[in-house]
Amino acid sequence: MNEPAKYLFDSDFAPAAKAATTIALTEHKTIVAEAETRGYRNGFQAAEAEMKAETARRLAIALEQVGLMMELMAQGLKEIDMRLETEAVEVAHAVATKLAPALIAREPLAEIEALATACFRQLLKSPHVVVRVSDKLYDAARAKLEEIAQQTGFEGRLVMLAEPEIAEGDCRIEWADGGVTRDRAAAEALIAETVNRFVTARHHTAD
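As numbered in my numbering, residues -17 to 189 make up the sequence shown, in order.
Below you can see the structure in the form of structure tokens.
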């Protein structure tokens, strides 16, 4: 019969200590490098996002300023355009006022001939037409208007009258149921009034 084994008190029943986990130096360096890379990448992305946001904010401010500048420039150009247009009208009126007397002095019958021609063509069957002109142009006007009446086919009687109060270049043409007047002074006054109203309105708009 086998004898029971003797208990030996040199046995240690405490749990064995866990061995410390260790990694190779190269692996450690790799882990550290990857962590640094991730940190750099995250920091770079955050900085980039912040930079983009700041750029967008500055761009929005710049665009707003550009818009305000464009609006001011447009208003300035509009005012300049209005001023130039006003000055052009004033210059044109001044030139016409100076030029008209010179043209009339050069060709005093031109406007009378044009008006008489238009009237004769519309009054072919009228029994008579009376034309009043300046006494200084009577002879020349009579000869020219008789010629025009014949050329246009006017069949009525042409009556020419000399009027001292009518200015050179002006005339009055009358027929049975109507008439027309060529009065340069009245026309110039009307034009001057119209120009003055236009200029005044432009100045008020500019203000």
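A virtual CB, placed ideally from N, CA and C, is assigned to each residue, including glycine.
Host alpha helix (DSSP H) of Leu91 (start-end)
If you number the sequence shown from 1, residue 91 lands on position 109. For Leu91, no alpha helix (DSSP H) run applies, since DSSP gives it neither H nor E.
Quick one: Cα of Glu93 to Cα of Asp63, how far?
The residue given as residue 93 occupies position 111 in the sequence shown. The residue given as residue 63 occupies position 81 in the sequence shown. Roughly 35 Å between the two C-alpha positions.
Have a look at Val181 and Gln57 and give me their C-alpha separation to the nearest angstrom.
Along the sequence shown, one-based indexing puts residue 181 at 199. Along the sequence shown, one-based indexing puts residue 57 at 75. Whole-angstrom Cα-Cα distance: 19 Å.
Inter-residue CB distance, Val111 and Leu140 (contact presumed, cutoff 8 Å):
Numbered from its first residue, the sequence shown carries residue 111 at position 129. Numbered from its first residue, the sequence shown carries residue 140 at position 158. The Cβ separation is near 6 Å, so the contact holds.
By Cβ distance below 7 Å, which residues in the same chain neighbour Asp117 in space, the five residues on each side in sequence not counted?
For this step, residue 117 is matched to residue 135 along the sequence shown. Once the five neighbours on either side are set aside, the close Cβ partners of Asp117 are Ala144, Glu145, Pro146.
When the Cα atoms are used, what is the spatial distance from Val177 to Asp165?
Taking the sequence shown and counting its residues from 1, one reaches residue 177 at position 195. Taking the sequence shown and counting its residues from 1, one reaches residue 165 at position 183. Cα to Cα, Val177 sits roughly 18 Å from Asp165.
With 16 other Cβ atoms within 10 Å as the buried cut-off, status of Ala98
Here residue 98 is taken as the residue at index 116 of the sequence shown, counted from 1. When all chains shown are included, Ala98 counts as buried.
Count the other CB atoms, across all protein chains shown, that sit within 10 Å of the CB of Pro90; report buried if there are 16 or more and exposed otherwise.
For the purposes of this step, residue 90 is taken as residue 108 along the sequence shown, with counting starting at 1. Classification for Pro90: buried.
Measuring alpha carbon to alpha carbon, tell me which of Val113, Glu175, Arg179, Ala158 ends up nearest Ile148.
As a working note, residue 148 is residue 166 in the sequence shown. Comparing Cα-Cα distances from Ile148 to each of Val113, Glu175, Arg179, Ala158, the minimum goes to Val113.
On the DSSP letters alone, give me the boundaries of the beta strand (DSSP E) that Leu119 sits inside.
The sequence position of residue 119 within the sequence shown is 137, counting from 1. Segment: none, Leu119 is in no beta strand (DSSP E) and carries neither H nor E.
According to DSSP, is Ala144 part of a helix, a strand, or is it coil?
As a first step, residue 144 is located in the sequence shown; it is residue number 162 there, counting from the start. In the structure shown, Ala144 sits in a strand (DSSP, three-state: E or B).
Rounded to a whole number of angstroms, what is the C-alpha to C-alpha distance between Arg88 and Glu156?
Here residue 88 refers to the residue found at position 106 of the sequence shown. Here residue 156 refers to the residue found at position 174 of the sequence shown. Their backbone Cα atoms lie some 26 Å apart in a straight line.
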